[in-house]
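Numbering (mature numbering (1 follows the signal peptide of the UniProt record, and there is no 0)), first residue to last: -23 to -1, 1 to 230. Data block below; observations after.
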Amino acid sequence: MASQFHLILLLTSILAGNHKATSRKEAREQPLHSLFLWGPPFSTKIGLSWDRGAFSEDGDKVLTLKAALTSDPNNTKATYQILGYGRATLEGLTPNTSYIVTATANLSGNTILVLRKHIHTPLDDEDPMENYFHWGPVTNQSIQVSWDQLDPEDARSMIVTLTAEMASKPSVERSESAIPSLGRITVDGLMPDTLYIATLTVLKYGRQFLTSTRDIRTLKTGHGGVTVVTTSGSGIASAILGLLFTCTVLVLA
């Protein structure tokens, strides 16, 4: 009887260990980039957060967050943080400047994590939330606004609306709404070579959370790559002139 009892305990211990290992494996089998979330660029800093629970085995490993000037890659700033902390903030950046920001970490199992993002710091931080949203591209018949990934808890309660009002005829307007998970919103059916007053509105729990206005002239023809935008209202000029934000992950086993 005693031997059977010890056998049961042994089997229970093995099963429990296998369950924990499987849970850790499932967490780490997610695409690595999905475990990380870039914050919006501020005038002098950029932040990165991650699911620290997915790195329980690598909690003491160090993540390096480095920003290099696009115009001078040898001019860099860096900060360091252990993966168990869950977030890192790189400060000391220059306002209204383009950077290539890279996050690297040596994980267990000879895995190297590399995250890369192109950013342009705004001139100031009057409205940090606006840094999530990017105007353009503009075509001869449409205006588009895209946005970075928002915090899931906040995004559930938000609705994004884009309205284009003809400057010469305010009564003529087009409007579209979207949920944050779509990542972009487009107003179509506009007149070519026409000045519009475009307004981006974000509602949170039914209340106005963010409003940004731009004076935008549609292109004469086609879908050209140049966006002609004149700022108006509370917008930040440096945040709208065709900024490119990319995030790539390279995993080398």
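Even glycine gets a Cβ: it sits at the ideal position worked out from N, Cα and C. Computed from a predicted structure; not experimentally measured.
The beta strand (DSSP E) that contains residue i, what's its start and end?
i, result
"P114", "110 to 115"
"D131", "No beta strand (DSSP E) holds D131; the alpha helix (DSSP H) holding it covers 129 to 132."
"F186", "184 to 194"
"L25", "22 to 27"
"Y76", "75 to 84"
"V179", "172 to 181"
"E68", "64 to 68"
"F13", "13 to 15"
Is it right to say residue i is buried, meaning 16 or more other beta carbons lie within 10 angstroms of its own, or is it exposed?
i, result
"S48", "exposed"
"G86", "exposed"
"P169", "exposed"
"D35", "buried"
"Y109", "buried"
"Y182", "exposed"
"I156", "exposed"
Within its chain, find whatever has a CB closer than 7 Å to the CB of residue i; leave out the 5 residues flanking it on each side and keep chain order.
i, result
"G166", "Q118, R151"
"N83", "K38, I89"
"K197", "N117, P169, D170"
"residue 240", "Residue 240 lies beyond the stretch modelled for the chain, which goes from -23 to 230, so this question has no answer here."
"I23", "G16, A44, L67, L70, V78, I96"
Suppose the cutoff is 8 Å on Cβ atoms and the five residues either side in sequence are ignored; what does the same chain contact list for residue i look like?
i, result
"L14", "L25, S26, W27, Q126, D128"
"S11", "none"
Heavy atom of the ligand HEM less than 6 Å from the Cβ of residue i, yes or no?
i, result
"H95", "Ligands in the displayed structure: none, and consequently the ligand HEM is not present."
Which same chain residues, not among the five before or five after residue i, have their C-beta less than 6 Å away from its C-beta?
i, result
"K43", "T53, A55, T79"
"T138", "S154, T178"
"T163", "S119, Q121"
"G61", "R29, G36"
Taking only beta-carbon atoms, is residue i less than 7 Å away from chain C?
i, result
"A175", "In the structure shown, chain C cannot be found, because there is only a single protein chain."
Run through the DSSP bridge pairs and tell me what residue i is partnered with.
i, result
"L139", "E153, L177"
"K43", "A55, T79"
"T88", "L84"
Checklist line | Segments of 4+ residues assigned as alpha helix (DSSP H) that fall wholly inside the region 144 to 173 | finding: You should have found no qualifying run.
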